[in-house]
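Quick look at the structure:
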């Protein structure tokens with residue numbers, strides 16, 4: 001996650017505004033050839049940040065998606081980890 005990126009800003013803003021349930025869509029998984037390792041890295045890094053904001057990472061759903069190909073957007077995809 002970029003230090004000045006939108007993900008950080010949006011998570012902080014959501015928590016500040018009282019949003020207590022969160023789902024994180026990890027996009028562009030097609031560019032990593034649906035790498036489970038890369039997905040895990042992103043989940044770990046994002047979990048560390050959202051915990052600092054005030055969320056419980058264990059209660060947050062992380063969903064690997066590909067907006068370009070539509071993977072995991074409407075139906076479960078066999079390509080995703």
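In the UniProt record's numbering, the protein residues as written are 1 to 81.
All residues carry an ideal CB built from backbone N, CA and C; glycine is no exception.
- [ ] Might you give, ordered along the chain, the residues of its own chain that have their beta carbon closer than 7 Å to the beta carbon of residue 32, omitting 5 neighbours on each side?
- [x] Sequence index remark: in the chain shown, residue 32 carries index 32 (1-based). Result list for residue 32: 38, in chain order.
Open item on the list: Looking only at its chain, what residues have a beta carbon closer than 7 Å to the beta carbon of residue 53, apart from the 5 residues adjacent to it on each side?
Closed with: Counting from 1 along the chain shown, the entry for residue 53 is found at position 53. Result list for residue 53: 11, 12, 15, in chain order.
Task: Bridge partner(s) assigned by DSSP for residue 23 - done: The count along the chain shown starts at 1 and reaches residue 23 at position 23. For residue 23, which the question treats as bridged, DSSP gives the partners 61.
Task: Distance, residue 46 Cα to residue 9 Cα - done: If you number the chain shown from 1, residue 9 lands on position 9. If you number the chain shown from 1, residue 46 lands on position 46. Computed Cα separation, rounded: 12 Å.
TODO: Starting from the C-beta of residue 42, find all residues in its chain whose C-beta is less than 6 Å away, skip the five residues before and the five after it, and write them out in chain order.
DONE: By one-based count along the chain shown, residue 42 stands at place 42. These residues qualify, in order along the chain: 26.
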